[in-house]
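Engineer: Here's a structure for you.
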Amino acid sequence: MCGIDLSIIQFVTKPRVDKADARANKADARADKADARADKADARADKSDAENADLKAKVEELIKANSTSSTAPTPPPEEELMTRYFSRWRALLFICGTISFAFAVYGYVKDDERWSAAATTFWAFSVVCLVGAAVGNPQNIRSWKEKLFVGICAVLAGVGPLFIGLKMITVVKHQANVYMGWYAIVIGATVMIVVPPTLIAINTIYSKLPARQLSNAVKTIFKSLPQIMGSVLFVSAASTRCLMKADPSNPILKQCGNPTMPSILVSNFLSFTWGLGYLIPPLLSGRKTMTWADVMAIRMSKVDGTQFMLFGTTATITLILFANTDESGGDFNPFLQYLTAGFMLTIASLAFLVLYEYIIKPLLFPSSASSTTSDSDINNNHHQHSQNNDSFNVRDTGAMDIGAV
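Positions 601 to 1005 (the working numbering) are the ones given, in order, by the sequence shown.
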């Protein structure tokens, strides 16, 4: 009986024990899942903390960068390279350059000496405009169209004086008219022969410059045109009132020789100095140039000294002519004639030296023009170097004295 009873009890109680074990296992599994969820939550919390730390660090870096950028100066934006004018600007300059030619042709056809004299006064203005248009696209100088345009500009600059001279030599009532007429013819012929290859040579030298230097040269010339055009136009128009009021039956030089001739020479000097100041410097790339210290100490070569002397003489004559200008009208007296002859002689000599030294010589002898250095230049550099050493020694001595005190 006992054995039967125990078996019955085991049979009855065993399923209950198994169910309890299963429930315990499920509870353990649930506990494991809860632990896994807790671990995931902790991992997410750690990840969010790390992200927050990274975000905070980035915000701090941005704040620091903004604070430093606000205090530090921002670098200027790089300027765009401009190696040529736009065609509209060149067309405008070309049209302005035909003013003297138009006046000269009109005066010759109408047999009116007043318009020929007006063409002479506006000749420097027209030359500046034509030269400015001719150097507007140096990189394209190898094309025949560009060379043709440059040649037309140069020829127009010389045709005007030819018509002016032909008209003036017919006025035999005043001997100075004949002389000035022949001089105008010589000037016109010289310009037509010399200026076309000169402008082509200038454009050729410009085209060999680096892009940055070429851009700076073109920009500088373009920015200088309004200033020189306004100045020359103002001086050229100073004698227009006297010319238009003059009697066509009498020689113009007898009625308006002053201010006509002084205005012509002053405007020519202004245009020439514009060429020296803006067209010549780009041609000096890689060459030794004079500094203010060289000028003040008169340390220069013979060629530079001659140019400096001629320029100073021409400038002095120009100032005297400008001071003796009479806008109300007067005769072209002998004093003005002597000043005019001296002006023409000095400026022609200076133009020849500049043309040979900076245009002809670099093209014919490029190696000698760029590499040769005279003994005077070496001595000047040595003298300047010794002066710099002396100044450094003075500074060092002064610093030692201050420290000792």
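Glycine included, every Cβ here is placed at the ideal spot set by N, Cα and C.
Every value quoted in this text rests on a predicted model; they were computed, and no experiment measured them.
Assuming phenylalanine 763 and tyrosine 708 form a contact by the criterion Cβ under 8 Å, report the distance between their Cβ atoms to the nearest whole angstrom.
Structural biologist: With a Cβ gap of about 5 Å, phenylalanine 763 and tyrosine 708 count as contacting.
Engineer: For the putative contact between glycine 857 and phenylalanine 932, defined by C-beta atoms under 8 Å, what is the C-beta separation to the nearest angstrom?
Structural biologist: With 8 Å as the limit, glycine 857 and phenylalanine 932 qualify as a contact, their Cβ atoms being about 3 Å apart.
Engineer: Do the region 893-907 and the region 815-829 make contact, defined as three or more Cβ pairs closer than 8 Å?
Structural biologist: Judged by Cβ distances under 8 Å, the region 893-907 makes no contact with the region 815-829, as fewer than three pairs qualify.
Engineer: Do you know whose CA, among Arg688, Ser867 and Thr918, lies nearest tyrosine 938's CA?
Structural biologist: Nearest option by C-alpha distance: Thr918.
Engineer: Mind checking whether leucine 876 and valine 954 have CB atoms under 8 Å apart?
Structural biologist: For leucine 876 and valine 954, yes; Cβs fall inside 8 Å.
Engineer: Alanine 801 and isoleucine 959 - do their beta-carbons sit closer together than 8 Å?
Structural biologist: Yes, Cβ-Cβ distance for isoleucine 959 and alanine 801 is below 8 Å.
Engineer: What residues in its chain sit with their C-beta under 6 Å from that of leucine 833, if we drop five residues either side in the sequence?
Structural biologist: Correct list, in chain order: Phe725.
Engineer: Between which two residues does the alpha helix (DSSP H) carrying alanine 717 extend?
Structural biologist: 713-721 is the extent of the alpha helix (DSSP H) around alanine 717.
Engineer: Measure the C-alpha to C-alpha separation of methionine 844 and valine 735 and round it to an integer number of angstroms.
Structural biologist: In a straight line, the C-alpha of methionine 844 is about 34 Å away from that of valine 735.
Engineer: Counting C-beta neighbours from all protein chains within 10 Å, is the total for serine 648 16 or more, i.e. buried, or is it exposed?
Structural biologist: Exposed, by the Cβ-count rule.
Engineer: Nearest to isoleucine 741 by CA position, among Thr798, Arg637, Leu655 and Thr925, is which residue?
Structural biologist: Comparing Cα positions, the closest option is Thr798.
Engineer: Mapping DSSP to helix, strand and coil, what is glycine 930?
Structural biologist: Note: glycine 930 maps to strand in three-state DSSP.
Engineer: I'd like to know whether the C-beta atoms of phenylalanine 701 and glycine 760 end up nearer to each other than 8 Å.
Structural biologist: A contact, by the Cβ cut-off of 8 Å.
Engineer: Quick one: measure Cβ to Cβ for phenylalanine 703 and tryptophan 715, integer angstroms, because I've assumed they're closer than 8 Å.
Structural biologist: That pair is a contact at about 5 Å.
Engineer: Run through the region 715-801 for me and flag every whole alpha helix (DSSP H) of 4 or more residues, listed as ranges in chain order.
Structural biologist: You should have 723-734 and 744-768.
Engineer: If you draw a straight line from the C-alpha of serine 867 to the C-alpha of phenylalanine 722, how long is it?
Structural biologist: Each residue's alpha carbon lies about 8 Å from the other.
Engineer: Considering only the alpha carbon of each residue, which of Leu655, Gly930 and Phe943 lies closest to phenylalanine 869?
Structural biologist: It is Phe943.
Engineer: Measure from the alpha carbon of serine 839 to the alpha carbon of each residue in Asn737, Ile852 and Ile805, then state which is nearest.
Structural biologist: For serine 839, the nearest C-alpha among the options comes from Ile852.
Engineer: Return the first residue and the last residue of the alpha helix (DSSP H) that asparagine 924 is part of.
Structural biologist: Segment: none, asparagine 924 is in no alpha helix (DSSP H) and carries neither H nor E.
Engineer: For the alpha helix (DSSP H) that contains asparagine 868, what are its first and last residues?
Structural biologist: From DSSP, the alpha helix (DSSP H) with asparagine 868 extends over 852-874.
Engineer: Using the Cα positions of aspartate 654 and arginine 644, report the straight-line distance between them to the nearest angstrom.
Structural biologist: Distance between the alpha carbons of aspartate 654 and arginine 644: 15 Å.
Engineer: When the Cα atoms are used, what is the spatial distance from valine 835 to leucine 964?
Structural biologist: Straight-line Cα distance between these residues: approximately 38 Å.
Engineer: Please state whether the Cβ-Cβ distance between glutamine 775 and threonine 683 is less than 8 Å.
Structural biologist: No, the Cβ-Cβ distance between glutamine 775 and threonine 683 is not below 8 Å.
Engineer: Determine the direct distance from the alpha carbon of alanine 951 to that of serine 928, and round the result to whole angstroms.
Structural biologist: Each residue's Cα considered, the two are about 32 Å apart.
Engineer: Starting from the Cα of cysteine 696, find the closest Cα among Ala719, Lys710, Glu713 and Asp711 and give me that residue.
Structural biologist: Looking at the Cα atoms, Ala719 is the closest of the given residues.
Engineer: In this structure, does DSSP put proline 915 in helix, strand or coil?
Structural biologist: Checking the sequence, you will find alanine at residue 915 rather than proline. Alanine 915: helix per DSSP, three-state reduction.
Engineer: Check whether the Cβ atoms of isoleucine 692 and leucine 730 lie closer than 8 Å to each other.
Structural biologist: Checking the sequence, you will find leucine at residue 692 rather than isoleucine. No.
Engineer: According to DSSP, is proline 848 part of a helix, a strand, or is it coil?
Structural biologist: DSSP places proline 848 in coil when its eight states are reduced to three.
Engineer: Here's the rule: buried if 16 or more other CB atoms are within 10 angstroms of the residue's CB, otherwise exposed. What is asparagine 737?
Structural biologist: So asparagine 737 counts as buried.
Engineer: Are isoleucine 793 and glycine 781 closer than 8 Å when you measure CB to CB?
Structural biologist: No, Cβ-Cβ distance for isoleucine 793 and glycine 781 is not below 8 Å.
Engineer: With DSSP collapsed to three states, give me the class of serine 901.
Structural biologist: Coil, per DSSP.
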